[in-house]
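Peer 1: In our numbering, the protein residues as written are 49 to 442. Below is a structure I'd like to ask you about.
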Amino acid sequence: MVSNVDTLLDSSRIEAFRSALLAWYETHQREMPWRGSPDPYAVWISEIMLQQTRVDQVRPYYDRFMKRFPTVEALGMASLEEILKAWEGMGYYARARNLHRAAGQIVERHEGKIPDNPAQISVLPGIGPYTAAAVLSIAYGRDCPVVDGNVVRVLSRLFHLTDDPAAAAAKKQMAALAERLLVTGRAGDFNQAMMELGATVCTPRQPDCGGCPVSSFCLARRELPDPSVLPRKQPRKQRPHHHVAAGIVRRGDKILIVRRPMDGLLGGLWEFPGGKSEDEAAMEEFLRNDLKRKLGIEIRVGRVLATVRHAFTHFEMTLHGYDCTYHGGEARHRDGNECRWIRFEDYEQYAFPRAHIRLIETMKESEGSPQPASATQSELSAQSGPSTKNLPNA
DNA sequence: AAGACGGGGGT
DNA sequence: ACCCCAGTCTT
């Protein structure tokens with residue numbers, strides 16, 4: 049589509065485009081705590097948090113995180129456990145693990161200063177092409193164009209690009225166009241303006257072309273009845289649905305939690321032990337066998353304390369939380385996962401996956417939280433039946 | 001090139 | 001119910 053691209057790429061039109069975009073950004077940008085004074089550390093943290101995560105979700109996490117870890121040195125001193133706890137609920141926990149490693153490297157190799165050049169910043173864990181360009185342009189004013197999901201969408205429509213943006217050739221083309229349009233000397237503003245435009249005006253569905261400052265430059269607007277068909281979206285597979293049994297295993301006034309391995313899903317987080325069951329009808333038996341096999345403990349499985357539905361990107365899960373009582377064994381995980389007996393009220397000191405948090409909240413609401421050892425079996429069974437009140441679509 | 005990796009909000 | 005997000009890393 050060279051001819052399409054050329055339509056906009058003459059210097060006077062590019063200048064007009066830049067002026068319109070920057071003028072719009074000046075008056076329409078949203079308030080964000082990391083804007084204003086470009087502290088490289090603040091920019092770095094915000095950009096990591098903003099990976100695949102919306103501004104409004106990041107905001108409260110960012111404020112708490114910066115209060116807790118105000119500098120690279122503070123972050124470098126922190127344990128992974130502290131950082132994961134601060135990250136709890138935001139997802140993509142590899143970001144927190146990479147932040148922990150990167151902070152250590154920045155303190156040790158760069159005297160606590162975020163690198164200001166592509167070669168050094170790009171090798172830090174968790175910093176890919178987008179984040180490198182974002183930090184370098186916003187914090188250091190370097191002329192590096194960013195290409196994120198917003199920019200891909202804006203450019204696809206602006207230039208009527210119909211290729212799959214996931215393809216290598218399309219990525220190259222996007223990068224070249226962003227580079228060509230970039231306002232030299234104001235790269236940070238330009239990049240943020242493009243992203244802000246994509247996030248608030250040139251949205252995936254029902255873009256506000258009437259409110260767009262650069263609609264007169266937009267080829268999709270001119271040539272298509274509906275610009276929102278771009279960028280070309282590829283067909284998605286449907287997600288499988290799994291049933292997971294988790295045991296809230298009581299031993300006196302303690303309950304058992306197990307830490308997930310560092311790599312993989314929800315890496316480094318704590319959870320109630322259990323696993324995926326093929327047979328939804330035989331969850332209790334599965335759970336008893338599963339904890340025997342993985343942890344070497346004997347349990348008695350009681351009633352369902354709470355049931356939670358939870359959607360991940362690539363699968364869906366119904367999490368069944370069972371009231372269990374301990375009946376012997378050492379609680380040593382066969383794969384070496386750390387096991388810990390904690391008091392129920394101490395769970396807030398550990399980072400849990402969202403689904404397990406909701407399990408805990410549901411148990412507390414229904415007064416089905418694990419009872420002190422003094423409670424008899426009859427007292428427990430006298431309580432209300434399985435709680436499914438937080439189970440959407442059930 | 002494709003898949004793994006969370007969670008929330010918009011439509 | 002489905003879409004997709006201020007992406008990165010691994011295979």
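Think of the CB as a built atom: it goes at the ideal place given N, C-alpha and C, for glycine as much as any other residue.
Let me check understanding here. Comparing Cα to Cα, which of Asp371, Pro163, Gly124, Val194 lies closest to Val231?
Peer 2: The shortest Cα separation from Val231 among Asp371, Pro163, Gly124, Val194 belongs to Val194.
Peer 1: Report the three-state DSSP secondary structure of Asp196 (helix, strand or coil).
Peer 2: DSSP places Asp196 in coil when its eight states are reduced to three.
Peer 1: Curious, which full-length beta strand (DSSP E) runs of at least 3 residues does the segment 277-346 contain?
Peer 2: For the segment 277-346, whole beta strand (DSSP E) runs of length 3 or above, ordered along the chain, are 289-299, 302-307, 322-325.
Peer 1: Report the rounded CA-to-CA distance for Pro163 versus Ile154, giving the unit in angstroms.
Peer 2: Distance between the alpha carbons of Pro163 and Ile154: 8 Å.
Peer 1: Which residues does DSSP pair with Tyr370 in a beta bridge?
Peer 2: Tyr370 pairs with Gly295, Val352.
Peer 1: Would you mind giving the Cβ-Cβ distance between Trp135 and Ala144, rounded to the nearest angstrom? I have them listed as a contact below 8 Å.
Peer 2: Their Cβ separation, rounded to whole angstroms, is 4 Å, which keeps Trp135 and Ala144 in contact under 8 Å.
Peer 1: Could you give the distance in angstroms between the alpha-carbon of Phe363 and the alpha-carbon of Ile408?
Peer 2: Their backbone Cα atoms lie some 22 Å apart in a straight line.
Peer 1: Whose CA, out of Asp371, Arg341, Ile345, Arg112, lies closest to the CA of Thr355?
Peer 2: The residue with the shortest Cα to Cα distance from Thr355 is Asp371.
Peer 1: Among Phe334, Ile390, Met222, which has the Cα closest to the Cα of Leu304?
Peer 2: Leu304 has its Cα closest to that of Ile390, out of Phe334, Ile390, Met222.
Peer 1: Could you give the C-beta distance for Met138 and Val103, rounded to a whole number, given that I count them as a contact under 8 Å?
Peer 2: So it is not a contact: roughly 13 Å between Cβ atoms.
Peer 1: Mapping DSSP to helix, strand and coil, what is His148?
Peer 2: Residue state, collapsed to three classes: helix.
Peer 1: Is it buried or exposed for His368, if we count other Cβ within 10 angstroms and need 16 for buried?
Peer 2: Its Cβ being crowded by 16 or more others within 10 Å, His368 is buried.
Peer 1: Can you tell me which residues form a DSSP beta bridge with Gly377?
Peer 2: For Gly377, which the question treats as bridged, DSSP gives the partners Ile345.
Peer 1: Do three or more CB pairs link the segment 71-79 to the segment 109-116 at distances below 8 Å?
Peer 2: No, because fewer than three Cβ pairs between the segment 71-79 and the segment 109-116 fall closer than 8 Å, the two stretches do not touch.
Peer 1: Hey, out of Val91, His381, Thr179, Asp54, whose CA is closest to Gln99's CA?
Peer 2: Comparing Cα positions, the closest option is Thr179.
Peer 1: Would you say Gly322 and Gly350 are within 8 Å of each other, going by their C-beta atoms?
Peer 2: Not a contact, by the Cβ cut-off of 8 Å.
Peer 1: Grab the span of the alpha helix (DSSP H) containing Ile390 for me, first residue to last.
Peer 2: It is not in any alpha helix (DSSP H) - Ile390 instead sits in the beta strand (DSSP E) that spans 387-391.
Peer 1: Out of curiosity, what's the CA-to-CA distance linking Phe65 and Phe265?
Peer 2: Going from the Cα of Phe65 to the Cα of Phe265 covers about 7 Å.
Peer 1: Please confirm whether Val199 and Met242 have their CB atoms less than 8 Å apart.
Peer 2: It is a contact, given that the beta carbons lie within the stated cut-off.
Peer 1: Tell me which residue opens and which closes the alpha helix (DSSP H) that Val183 is part of.
Peer 2: Where Val183 is concerned, the enclosing alpha helix (DSSP H) stretches over 177-188.
Peer 1: Tell me where the alpha helix (DSSP H) around Trp92 begins and ends.
Peer 2: Looking at the DSSP string, the run of the alpha helix (DSSP H) that includes Trp92 is 88-97.
Peer 1: At what residues does the alpha helix (DSSP H) containing Phe238 begin and finish?
Peer 2: Its alpha helix (DSSP H) spans residues 235-248.
Peer 1: Compare the C-alpha of Thr119 against each of Gln105, Lys220, Val91 and name the closest.
Peer 2: The option with the nearest alpha carbon to Thr119 is Val91.
Peer 1: Is His404 buried or exposed, if buried means 16 or more other CB atoms sit within 10 Å of its CB?
Peer 2: When all chains shown are included, His404 counts as buried.
Peer 1: Cutting at 6 Å between CB atoms, please list the residues of its own chain near Tyr188, excluding the five before and the five after it.
Peer 2: Contacts found: Asp164.
Peer 1: What did DSSP end up calling Ala421 once you bin it into helix, strand or coil?
Peer 2: Because Ala421 sits at a pLDDT of 35, beneath the cut-off of 50, its placement in the model cannot be relied upon, and the following sentence gives the value as read from the coordinates. Correct three-state label for Ala421: coil.
Peer 1: Once DSSP output is grouped into helix, strand and coil, what is the label at Glu63?
Peer 2: Helix, per DSSP.
Peer 1: Comparing C-alpha positions only, which one of Thr101, Phe392, Ser325 sits nearest to Gly197?
Peer 2: Out of Thr101, Phe392, Ser325, Thr101 has the C-alpha closest to the C-alpha of Gly197.
Peer 1: Under 8 Å between the Cβ atoms of Leu343 and His375?
Peer 2: Contact flag unset, no.
Peer 1: Could you pull out every residue in the same chain whose Cβ sits closer than 8 Å to the Cβ of Pro314, ignoring the five residues on either side in sequence?
Peer 2: The displayed chain sequence assigns Leu, not Pro, to residue 314. Once the five neighbours on either side are set aside, the close Cβ partners of Leu314 are Tyr141, Arg308, Pro401.
Peer 1: Which term fits Ser67, buried or exposed, when burial requires 16 or more other beta carbons within 10 angstroms of its beta carbon?
Peer 2: That one is exposed.
Peer 1: Taking the alpha carbon of Arg348 as the reference point, which residue from Arg357, Gly377, Ala359 has its own alpha carbon closest?
Peer 2: Checking every option, the nearest Cα to that of Arg348 belongs to Gly377.
Peer 1: Taking C-alpha atoms, which residue in Leu147, Leu172, Pro273, Thr373 lies nearest to Arg157?
Peer 2: Measuring from the Cα of Arg157, the nearest candidate turns out to be Leu172.
Peer 1: Would you mind reading off the limits of the alpha helix (DSSP H) that contains Gln77?
Peer 2: Element bounds for Gln77: n/a, residue is neither H nor E.
Peer 1: Exposed or buried, Asp394, counting other C-beta atoms within 10 Å across all chains shown (16 or more means buried)?
Peer 2: Exposed.
Peer 1: Which partner residues does Arg107 have in the DSSP bridge list?
Peer 2: Paired residue(s): none; Arg107 is not in a bridge.
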